[in-house]
Amino acid sequence: TGDTGSITLDALPTAQIQQVEVMKGAGSALYGSNAMGGVVNIITRTPSSGKSSLRVRSYTGFYDQPSYPQWRWSSRRRHFEGLTVDCLTNFLNVSSIISFNLKSDMSFKENADFRKWNVAGIFRFSLTPNNYWNVISGYLKSDDGSFIFWRDCNHALRVGNEPEDIFTRTYTTYFYLYPVMTQILSSRFFYRLRLRFTRAHSEDHAHARPGYHPQLLGIYRQSTADTYGGELQFNYQYSPETNIVFGFDGHKNDVSSIQYGYHRLGRFSVYFQNEKELFHGFKLTTGFRWDWEWGSDIATMSQFNPKVGVNYLFANGNSFRCSVGRGFRAPSAAERFISTFANMIKVLPNPALKPERNISAEIGCELGVTSHSRLDISVFSTDYWGLIEPQLNAQKLEVQFANITRARIQGLELNQRITWWGNRLESNLGYTYVYSKNLSRLPNGEPSQEYGKMLKHRPRHLLYVTTSAKWNNWLGVVDFRHISKIERTDEVTNIPDINKRVPIYVTDLSLGWQKSKYSVWFLVKNLFQYYYVESPGNLGELRNYTLKLDWHL
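Going by this note's numbering, the residue at position 217 of the sequence shown is 217; the numbering climbs one at a time, nothing skipped.
Written as structure tokens, this is what we have:
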């Protein structure tokens, strides 16, 4: 969105997603200026020109009661449900996928419930054999509670970030329109024009709690952000071994808000990437992205971001890769201009915020361990300058975002896939070790109090294991995840019992029965009812049960 810079994933139905690509680090010149830590590239499905079809999916479920009586704030069974209808049609030479989604969740936490619905469509048509269009559009409306942290550890499911007499509801609407035109000029050269418009509107309403009659009710925070932009990208195959991509990308954000004020911010970038196969199996990718930012009440800023990567594919299918790149993230309007009260703390604006910058590098390889097992292992290192973090003045209970941190994050990542028994049994293991270090110094060059310490709110170890088994029409899946205990967090805060932190051990179980046109799934999340916090003072999901049905008509 144009105000907070957040991603509204609920606006795009999962049925319209074909593939999700995850690219770590600032190693690509083709993607957005804010891709410092990497890119999650969502590739939408292409509507088929075949016969029409209809798909209906629904689910319903409920949460278990917590084991501790003092946590039980409601006598009602807390349930959730959802419905998705996808229609694939081909009418007047326009192929389309139209989706309608509705979901509701009472939540196991006080004032954390939500209701959302959205409609979205992908439309594909051709004007000439060498010119075709994809138009993606959608609308989302939601009503969300505001649970940020608990009242205290003994009342872990009661909201603690609200006054005693009111609670907050956030009402959001989000509209987007993305027309994409592709023009093929020859077998080796084409260009693509992407246009985009989004409007995000949100309102925070204060409602009276039962038995209270506060004086100040209604809207106390509101924001409308319009984003207009476009990208022109050229793709040229210079030779069978060389592919060149270059283009321009720009957009403007108009923000009008109670808490942010009125501001216009613009961003523009030019990029170039060359991928060349120097010899069989060995590819060298070089490129750059040059970013500019300007707007009302801020200084014009720019940065040149070069990238380089190498990939070598061996004859036996193993591969080696390495990359290094520079990244750039401009502060959002919310970080720069916010002026409000949040969590009973005054938040001050800071228009002088500067962009975050980083340099990241990765070396990795993919190996065939056996005919049934593949291993991907990599090491990475990223240096950050000017990380934006909230600074708390405990005496005045005031917070202001500031560029305060020079940091380094290094680590190891391992992924392994193993299959047995004719691919009927499959396991996927992912492990990440993270070593982070604060390198901040005072203006006079002396080390700060945080110098040399581990960064706050970051775990060292992350482990994910998924095992699935197939037998005829049956499929079972067990997911396990472990995240080590957060070692450091803010010591000065208004969150009660902030030191109640534990390592995470969560197991999910799924059992499904599938036929060609329908399937039934039963899921249990947090099978062993393990209690942990996702963030300071925010308890993780309780055990819950879900029944899913899926029909293809």
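Note that beta-carbon positions come from the ideal geometry of N, C-alpha and C, so glycine has one too.
Source: prediction; values computed, not measured.
What residues are listed by DSSP as bridge partners for residue i?
i      : result
Tyr139 : Val119 and Phe175
Val189 : Before going further, note that residue 189 is Phe rather than Val in the sequence given. Phe189 pairs with Tyr236.
Cys365 : Phe320 and Ile377
Gln400 : Leu348 and Gln391
Trp292 : Phe268 and Ser302
Ile133 : Reading the sequence as shown, one finds Trp at residue 133 and not Ile. In DSSP, Trp133 forms a bridge with Phe125 and Met181.
Phe91  : Val94
His280 : According to DSSP, which records beta bridges pairwise, His280 is partnered with nothing at all.
Lys252 : Tyr228 and Gly266
Ala200 : Tyr174 and Ala225
Asp152 : His155
Arg58  : Correcting the residue identity first, residue 58 is Ser in this sequence and not Arg. According to DSSP, which records beta bridges pairwise, Ser58 is partnered with Leu83 and Leu549.
Tyr435 : Gln410
Lys354 : Bridge partners of Lys354: none, in fact.
Ala208 : Ile166
Tyr63  : Asn544
Ile258 : Note: Ile258 sits in no beta bridge, so no partner.
Glu426 : Thr419 and Ser468
Trp385 : Arg357
Gly218 : Ala206
Arg441 : Pro447
Cα-Cα, which of the options is closest to residue i?
i      : options                           : result
Gly386 : Val324, Lys470, Pro443 and Thr419 : Pro443
Phe337 : Ser256, Leu429 and His280         : Ser256
Pro349 : Gly295, Asn358, Ala334 and Glu356 : Ala334
Thr1   : Val119, Tyr176, Leu284 and Asn154 : Tyr176
Asp64  : Val94, Gln529 and Asp376          : Gln529
Asn305 : Arg289, Ala315 and Ala299         : Arg289
Thr493 : Val524, Glu398, Gly452 and Asp105 : Glu398
Trp326 : Trp71, Val308, Arg458 and Arg221  : Residue identity differs from the one stated: residue 326 is Arg in this sequence, not Trp. Here the closest residue by C-alpha is Val308.
Arg169 : Ile418, Arg115 and Tyr518         : Arg115
Phe401 : Leu353, Val379 and Leu216         : Leu353
Lys485 : Ser104, Leu463 and Trp471         : Leu463
His482 : Glu534, Ile7 and Asn274           : Glu534
Gly287 : Gly295, Tyr271 and Ser302         : Tyr271
Met181 : Leu157, Gly160, Ile418 and Gln233 : Gln233
Ser302 : Phe328, Arg408, Lys283 and Ser296 : Phe328
Tyr531 : Lys51, Glu110, Asp10 and Trp71    : Trp71
Asp254 : Arg124, Ser239 and Thr227         : Thr227
Gln514 : Glu356, Leu475 and His205         : Leu475
Gly317 : Trp150, Lys470 and Gly281         : Gly281
Glu356 : Arg374, Pro331 and Ser339         : Pro331
Phe554 : Gly211, Asn111, His251 and Ala315 : Here the chain covers residues 1 to 553 and nothing more, so residue 554 does not appear.
Spatial neighbours of residue i within its chain, please: C-beta separation below 6 Å, excluding the five flanking residues on both sides.
i      : result
Leu54  : Cys87 and Leu553
Ser468 : Glu426 and Val477
His201 : Thr173 and Thr224
Glu366 : Ser319 and Asp376
Ser126 : Tyr132
Arg237 : Going by the sequence as given, residue 237 is Gln instead of Arg. So the qualifying residues of the chain are Arg188 and Asn243.
Cys322 : Val310 and Ile363
Pro503 : Ser484 and Lys485
Leu429 : Gln416 and Val465
Trp292 : Phe268 and Ser302
Phe197 : Leu177 and Tyr228
Arg543 : Asp64, Asn526 and Gln529
Ser296 : His263 and Arg264
Tyr59  : Gly82, Thr546 and Lys548
Asp249 : Glu231 and Ser269
Please work out which residues of its chain come closer than 8 Å, Cβ to Cβ, to residue i, disregarding the five sequence neighbours upstream and downstream, and give them in chain order.
i      : result
Asn235 : Phe189, Phe190, Tyr191, Arg192, Asn243, Ile244 and Val245
Ser48  : Leu88, Asn90 and Ser95
Arg78  : Phe62, Tyr63, Met106, Ser107 and Phe108
Asn538 : Phe147, Ile148, Phe149 and Trp150
Indicate whether at least one CB of chain C lies closer than 8 Å to the CB of residue i.
i     : result
Arg55 : This model lacks chain C altogether; it includes just one protein chain.
By Cβ distance, which residues of its chain are closer than 7 Å to residue i, with the 5 residues on each side in sequence left out?
i      : result
Glu450 : Asn438 and Ser440
Asp143 : Phe114, Arg115, Arg169 and Tyr171
Pro447 : Arg441
Asn472 : none
Lys470 : Arg424
Tyr260 : Asp3, Ser223, Ala333, Ala334, Phe337 and Ile338
Arg158 : Trp73, Glu110, Trp150 and Arg151
Since residue i and residue j are thought to touch, with beta carbons under 8 Å apart, how far apart are those beta carbons, to the nearest angstrom?
i      : j      : result
Val520 : Leu509 : No, Val520 and Leu509 are not in contact; Cβ-Cβ is about 15 Å, not under 8 Å.
Asp165 : Arg209 : 6 Å
Glu203 : Ile184 : In fact, because the Cβ distance is near 45 Å, the residues do not count as touching under 8 Å.
Ala361 : Ser381 : 5 Å
Lys456 : Asp490 : 6 Å
Tyr435 : Gln410 : 5 Å
Could you check if residue i belongs to the surroundings of the ligand HEM, using beta carbon to heavy atom distance under 7 Å?
i      : result
Thr466 : As far as ligands go, the structure on display features none, and thus does not contain the ligand HEM.
Could I get the ranges of all uninterrupted beta strand (DSSP E) runs contained in the region 444 to 523, with 3 residues as the minimum, in chain order?
461 to 471, 474 to 483 and 504 to 514
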